[in-house]
Amino acid sequence: MDNTVQLQHFKASQPEKWTENEGGHDNQTFSHENGDGPVVEELKPIAQDQVALSNEDVPKNLLKTDNDQRDEISDDDNDDDDDGGNACSRSAKRLQVALYRVYQRHKGKFWNIFYILLFGLYVAYFVYSVNFRFGDEGSWRLVVCTALAVLYISWCLLESFCGENVSLSHCWSKLETSSRKKIQHWFRVILSMILALGAVVYIIIFIAMETPRNLVSLGGLAVFILVFYLFSHNPSKVNWQPVFGGVIIQFYFALIILRWDLGYQAFKWLGDRITEFLAYSDEGAKFVFGADFQKHFFAFKVLPVIVYFSSFVSVCYYLGIMQFLIRNLARFIASVMGTSPAESLNAAGNIFVGQSEAPLMIRPFLSKMTKSELHAICTGGFATVAGSTMGGYIAYKVPANHLLSASVMSAPAALAMAKLFYPETKKTKTGSEVYNIPSGQERNIIEAAAFGASQAIKLVANVAVNLVAFIALVEFLNQTLIWLGNRAGMEKPGDELTFQLICSYVFYPLAFLMGVDTHENNVFKVAELLGYKTFINEFYAYEKLSVYIHNRENLTWYENLARIDNITYTGRWRFDGDDIVYSDFNHTLTKGVLTERSVVISTYALCGFANIASIGIMLGALGAMAPNQRSALAQVVVRAMIAGTVACFMTACIAGLLYAPGI
1 MDNTVQLQHF
11 KASQPEKWTE
21 NEGGHDNQTF
31 SHENGDGPVV
41 EELKPIAQDQ
51 VALSNEDVPK
61 NLLKTDNDQR
71 DEISDDDNDD
81 DDDGGNACSR
91 SAKRLQVALY
101 RVYQRHKGKF
111 WNIFYILLFG
121 LYVAYFVYSV
131 NFRFGDEGSW
141 RLVVCTALAV
151 LYISWCLLES
161 FCGENVSLSH
171 CWSKLETSSR
181 KKIQHWFRVI
191 LSMILALGAV
201 VYIIIFIAME
211 TPRNLVSLGG
221 LAVFILVFYL
231 FSHNPSKVNW
241 QPVFGGVIIQ
251 FYFALIILRW
261 DLGYQAFKWL
271 GDRITEFLAY
281 SDEGAKFVFG
291 ADFQKHFFAF
301 KVLPVIVYFS
311 SFVSVCYYLG
321 IMQFLIRNLA
331 RFIASVMGTS
341 PAESLNAAGN
351 IFVGQSEAPL
361 MIRPFLSKMT
371 KSELHAICTG
381 GFATVAGSTM
391 GGYIAYKVPA
401 NHLLSASVMS
411 APAALAMAKL
421 FYPETKKTKT
431 GSEVYNIPSG
441 QERNIIEAAA
451 FGASQAIKLV
461 ANVAVNLVAF
471 IALVEFLNQT
481 LIWLGNRAGM
491 EKPGDELTFQ
501 LICSYVFYPL
511 AFLMGVDTHE
521 NNVFKVAELL
531 GYKTFINEFY
541 AYEKLSVYIH
551 NRENLTWYEN
561 LARIDNITYT
571 GRWRFDGDDI
581 VYSDFNHTLT
591 KGVLTERSVV
601 ISTYALCGFA
611 NIASIGIMLG
621 ALGAMAPNQR
631 SALAQVVVRA
641 MIAGTVACFM
651 TACIAGLLYA
661 PGI
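Read in the UniProt record's numbering, the sequence shown has 281 at position 281, and its numbers run on one by one without any break.
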């Protein structure tokens, strides 16, 4: 509607009709339509540029001629179209406007009917599918997904009808502050006593009496906690609730996953589904980079997973799923361990996704986090591995069940070590805001997915360039040490002076404290693996561990030959340094073997992204998501890498404590 039409509507809307005299615009008078009414007002001269009134010059309430403003705007938008075209096109336009008006008036009813029909169709499909085939993995997957969807939808409907009254935190907030603190204090004291007593009883009955050798790992756990307390950023500010809570949760996680078959199967199923979901990024990578994209594993295999997961998280934010997880899961973890909801959720996410993907779930809060919270976020990323990379470790014949267990157990250990090594000294700014996450501004799922993928561009670029830089620097330092060692006679076929060799001596006491077997140089071999993992990466360390695993399988096969045919084969072998030489064959097992216990402990100790190169990845990823925190991240990231490393060692201690042959 142009300004002239607006002025005409303004005049027409008055209770008494006014007309303009024919004097033009200068010194006009308005009179009644009969012409003999009194002169109301003599107008002053109006400048030519003031003739056309703007929308702001006319009161907004006078521009509305009816209650349906949308319909008026629609009519005005179509004025130009109605002036042209034939009768058929004008009729089609009027029909469109009429249908749009009906939709606007009954939009809620239309969508309710659509949702009811959609729900009915799915119920029919679900009943038919379960009746057609039930009992296999696919049917259970359908049941679990349906149950989770029903719970989520039911909770959302309950919130929409009842508002905040449905939330337990709403009822909790009605209590006085003093009452809340007393209840929280006594609840945590009683729960801690019960859990601690249960752990002590279990250790005495099932470990100390049956396998007292495992108690070495318990001593190592105590040493790690004591040393971290002595070197804490602020020992006087340490809050022992998250430390104690993290260790206890880790212990009971280990019981469920390592000693209870049903619990292990459930976590394995969930891990398989997440790994399967992340593997779909391979289709996009294959289309863009070609069928041989896995030859460039990190660039074309790992980085596309970040893009894919970023897009998925954006869609989850649009649908409200991520908000639902943060409001409920984070409340539970934070109440048990006393950590902030954002860092607690990140720790839980690190069980299945990597150090670059998990922070995407809490991206809106990173810019407001304290240094202690940032330290906890980084520690969680260093202490765990991603589901997308776990398949690579399994390809090296590393036990899959222990890999999954290690990833789960390291999550609470990471929070415990983070809060011990860098305790919170400020009031968190993310606690209350986490529960009120605004929905995204995207208009549909497609836009949300595209936005998430676009957001990952900067993230992927930062990860890649930092990784290139850090690995190059480490290799330069390593080659410098090799050159210096060669000048002093440290050269092949003996040991060269390398970072890995130095770290193997540094990590020797740590490997011993974790409970590694002491015979056949097992402690030194595991310590060397820890050096590989810390200064190169866990892939290289697991590849070296796979040599020991393969050698153990080969030695077992060789010894069984003597049991089958004790005339032809003796099954004897001897050590040549660390190598094992068969007496019946001209065959040597290079580097020898590790015992089963040492392999299990090594699997847990190596299961984390804590290495020099990952420092660059962490800085690049979090720095891209929260540019204002780059300085703070640079100050805490090295401590976080150390805390993540020791969190893995704590997980190995728990595994050594609960180890039993055959698990």
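The C-beta atom is built at its ideal place from N, Cα and C for all residues, glycine as well.
Model, not experiment: these values are computed from the prediction.
Asked: Assigned exposure category for ASN61 - 16 Cβ within 10 Å defines buried; Found: Residue placement at ASN61 is flagged as unreliable, the pLDDT there being 44, under the threshold of 50; the coordinate-derived value follows with that caveat. By the 10 Å Cβ count, ASN61 comes out exposed.
Asked: Cα-Cα separation, GLY354 to ALA383; Found: 10 Å
Asked: Backbone CA spacing between PRO399 and GLU528 [nearest angstrom]; Found: 20 Å
Asked: Complete runs of the alpha helix (DSSP H) confined to the stretch 107–157 [at least 4 residues]; Found: 107–132
Asked: Beta-carbon proximity list for GLN69, same chain, < 8 Å, skipping 5 on both sides; Found: A caution first: GLN69 carries a pLDDT of 46, below 50, which makes its placement in the model unreliable, though a value can still be read off. The answer is none, since no qualifying residue turns up.
Asked: Exposed unless 16 or more other CB atoms sit within 10 angstroms - verdict on ILE194; Found: exposed
Asked: Alpha-carbon spacing of LEU404 relative to LYS268, whole angstroms; Found: 7 Å
Asked: For ARG639, the first and last residue of its enclosing alpha helix (DSSP H); Found: 630–658
Asked: Beta-carbon proximity list for ARG133, same chain, < 7 Å, skipping 5 on both sides; Found: SER139
Asked: Cutoff 7 Å; reference ILE351; Cβ partners in own chain excluding five residues on either side; Found: THR384, SER407, VAL408, ALA411
Asked: Check whether ALA199 and PHE251 have beta carbons under 8 Å apart; Found: yes
Asked: Touch test, the stretch 548–557 against the stretch 582–598, Cβ-Cβ under 8 Å, three pairs minimum; Found: yes
Asked: Cβ neighbours of GLY35 in the same chain (closer than 6 Å, five flanking residues each side left out); Found: For GLY35, the pLDDT reaches just 45, beneath the cut-off of 50, and the residue's location in the model is therefore unreliable, although a value from the coordinates is still provided. Excluding residues within five positions, none has a Cβ falling inside 6 Å.
Asked: Below-8 Å beta-carbon distance, PRO627 vs any chain B residue; Found: The structure shown has no chain B; it contains just one protein chain.
Asked: Nonlocal neighbours in the same chain, by C-beta distance under 7 Å from VAL307, ignoring five residues either side; Found: ALA453, ALA456, VAL460
Asked: Where VAL581 falls: helix, strand or coil (DSSP); Found: strand
Asked: Option nearest THR498 by Cα separation, candidates THR534, GLY515, ARG94; Found: THR534
Asked: At least three beta-carbon pairs within less than 8 Å, the stretch 646–660 to the stretch 211–218; Found: yes
Asked: Beta-carbon proximity check, ALA647 vs MET417, cutoff 8 Å; Found: yes
Asked: Counterpart residues of ARG574 in DSSP-defined beta bridges; Found: VAL581
Asked: Within 8 Å, strictly: CB atoms of TYR505 and VAL523; Found: no
Asked: Exposure label - MET337; buried when at least 16 CB within 10 Å; Found: buried
Asked: Buried/exposed call for ASP81, threshold 16 Cβ in 10 Å; Found: Its pLDDT being 48, under 50, ASP81 is placed unreliably by the model, and nothing is read from it.
Asked: Spatial distance of PHE609 from GLY380 (CA atoms); Found: 9 Å
Asked: When PRO661, ILE333, GLU496 are compared against SER241, the one with the closest alpha-carbon; Found: At residue 241 the sequence reads Gln, which differs from the Ser that was named. Ranking the options by Cα distance to GLN241, first place goes to ILE333.
Asked: Simplified DSSP assignment, three categories, for THR588; Found: strand
Asked: Closest residue to PHE324 among ILE205, LEU157, THR590 (Cα-Cα distance); Found: LEU157
Asked: Spatial distance of residue 670 from ARG597 (CA atoms); Found: Residue coverage of the chain in this structure runs from 1 to 663, which leaves residue 670 outside it and unanswerable.
Asked: Three-state secondary structure (DSSP) of ILE351; Found: coil
Asked: Enclosing alpha helix (DSSP H) for ASP282 [first to last residue]; Found: 281–289
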